[in-house]
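So this is what it looks like as structure tokens:
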């Protein structure tokens with residue numbers, strides 16, 4: 027979105043500010059450009075970031091400024107990096123952006139809307155399912171589920187949209203150790219643990235625009251210390267990278283946000299080229315209940331401003347004005 031404002035030209039040049047938050051979820055941030063009507067960047071423009079107080083209406087008396095002022099660089103660019111979860115307004119001069127939500131996924135991997143479930147037990151220690159879903163709802167147009175009973179007497183379950191609630195529910199019975207895997211590998215009509223590598227070298231980064239996964243998760247107290255793994259594949263099952271994400275203990279409900287940087291992947295595969303993606307649940311803890319509300323991808327949010335700069339007077343114009351002032355004073359004498 028581009029906002030139009032009118033202001034006097036300025037000459038100071040500063041480029042970037044870093045907003046850090048010691049506690050809470052850290053998001054990539056908000057960036058943009060301040061430019062004139064020709065598209066040329068304007069340096070020296072003051073830009074401010076405000077944290078919305080929850081009413082969605084900008085008011086500097088009630089919305090607190092987050093971090094310090096930014097002054098645009100030589101190309102008119104500005105950036106607020108590493109900001110906390112929340113909604114924001116950006117202001118420069120007399121112009122204010124609309125309400126920005128930098129934690130909103132730019133790419134939704136899966137919001138777990140389409141209902142499906144699988145259960146493993148001592149009679150059938152492995153269970154799978156494959157469900158075709160519109161590609162607009164699920165990455166690759168298909169979600170595969172796999173559960174495995176590893177030890178104990180009881181059930182291991184993966185349920186999507188149980189009770190009409192859009193979450194992925196992972197449960198293991200008392201004393202049971204099990205594993206659940208969700209696979210996004212394109213349309214192959216198979217819930218096999220071995221991915222079909224059908225995403226065709228998909229670029230999760232969108233040419234560098236996206237930089238992290240964002241998930242809404244929760245786990246009960248028995249799972250303290252438990253992690254989930256996001257695994258990306260390229261070409262074959264033996265070529266992958268892992269990103270371990272700690273679960274947040276929340277009483278079992280998916281109420282907590284987690285952001286995991288692409289830079290934290292361990293392995294040879296890069297997020298810019300993947301053929302399959304897996305979410306792996308159950309890393310050894312028994313008797314756990316966990317939820318994942320959604321899996322998405324985020325990057326920097328963008329907000330540009332178009333400014334009609336008031337040109338500074340030329341030296342000749344200043345000389346003429348000065349001479350005119352002298353003549354006026356002489357006449358008054």
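Numbering (this note's numbering), first residue to last: 27 to 359.
Heads up, the beta-carbon is just placed ideally off N, CA and C, and yes, glycines get one too.
- Straight through space, the alpha carbons of residue 129 and residue 135 are spaced by roughly 15 Å.
- Residues 50, 51, 53, 129 and 283 of the same chain have their beta carbon placed closer than 7 Å to that of residue 111, with the five preceding and five following residues left out of the count.
- Sorting 70, 244 and 230 by C-alpha distance to the C-alpha of residue 99 places 70 at the top.
- In this structure, residue 151 lies near residue 175, with their beta-carbon atoms less than 8 Å apart.
- The three-state reading of DSSP puts residue 217 in coil, since its state is none of H, G, I, E or B.
- DSSP places residue 247 in the helix class (H, G or I) of the three-state scheme.
- Closest in alpha carbon position to residue 205, among 104, 321, 266 and 315, is 315.
- Taken in chain order, the complete beta strand (DSSP E) segments of 3 or more residues contained in the region 136-184 are 142-146, 152-158 and 168-177.
- Cβ contact annotation for residue 303 (same chain, cutoff 6 Å, sequence separation greater than five): 210 and 258, in chain order.
- Inside the region 241-312, DSSP marks whole beta strand (DSSP E) runs of 3 or more residues at positions 253-260, 262-272, 282-287 and 302-307, from first to last along the chain.
- Put simply, of 140, 145, 173 and 181 the residue whose alpha carbon is nearest the alpha carbon of residue 163 is 140.
- In the pairwise beta carbon analysis, the region 186-200 is classified as not touching the region 220-234: fewer than three pairs are separated by under 8 Å.
- According to the DSSP secondary-structure assignment, residue 327 is paired through a beta bridge with 56.
- DSSP lists 287 and 324 as the bridge partner or partners of residue 238.
- Contact between residue 94 and residue 67 does not hold, since their C-beta atoms are separated by about 21 Å, which reaches or exceeds 8 Å.
- Of the other Cβ atoms in all chains shown, fewer than 16 fall within 10 Å of the Cβ of residue 108; this residue is therefore exposed.
- In the three-state reduction of the DSSP assignment, residue 189 falls in the helix class.
- DSSP places residue 230 outside any beta strand (DSSP E), giving it a letter other than H or E.
- Going by DSSP, residue 226 is part of no beta strand (DSSP E) at all; its letter is neither H nor E.
- For residue 118, the three-state secondary structure derived from DSSP is strand.
- Only exposed fits residue 87, as fewer than 16 other CB atoms lie within 10 angstroms of its CB.
- The C-alpha of residue 271 is placed about 10 Å away from the C-alpha of residue 251.
- Note on geometry: alpha-carbon atoms of residue 92 and residue 76 lie some 5 Å from one another.
- Between residue 331 and residue 60, the C-beta spacing is below 8 Å.
- The beta-bridge partner set that DSSP reports for residue 72 consists of 97.
- Listed in chain order, the non-local C-beta contacts of residue 235 below 6 Å within the same chain comprise 325, local neighbours out to five positions each way being set aside.
- When DSSP states are grouped into helix, strand and coil, residue 107 belongs to the strand group.
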